[in-house]
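Novice:
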């Protein structure tokens, strides 16, 4: 899948990959292709906090996955990007 067509969780921004393995689930048990299973299970968000709290939760993961990125750079990038995600619009 090209970078342009890559799917990301519309809550935490995690890449969802090329399969539905990481997709969350709807209330009927079907896969939800907008949210990952960390954020969305059985038709409900698992995380009940604010966007800023989600960013702080994700900072270590993003910085850890990008060796040349500091936590502050990750935080700043997410503060720009998260408001464009469906969950936080």
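Numbering (this note's numbering), first residue to last: 1363 to 1451.
Backbone N, C-alpha and C define an ideal beta-carbon position, used for all residues, glycine too.
#1: Is the distance from the Cβ of residue 1382 to the Cβ of residue 1395 below 8 Å?
#2: In terms of residues, what are the limits of the beta strand (DSSP E) holding residue 1396?
#3: Distance check for residue 1442 and residue 1405, CA to CA, integer angstroms please.
#4: Please report the distance separating the alpha-carbon of residue 1444 from that of residue 1450.
#5: At which residues does the alpha helix (DSSP H) containing residue 1426 begin and terminate?
#6: State buried or exposed for residue 1426, treating a residue as buried only when at least 16 other CB atoms are found within 10 Å of its CB.
Specialist: This is what the structure gives:
#1: Closer than 8 Å, so yes.
#2: For residue 1396, the enclosing beta strand (DSSP E) begins and ends at 1393-1398.
#3: A straight-line Cα-Cα distance of about 27 Å links residue 1405 and residue 1442.
#4: For residue 1444 and residue 1450, the distance between alpha carbons rounds to 6 Å.
#5: Bounds of the alpha helix (DSSP H) holding residue 1426 are 1413-1427.
#6: If you draw a 10 Å sphere on the C-beta of residue 1426, you find fewer than 16 other C-beta atoms in it, and that means exposed.
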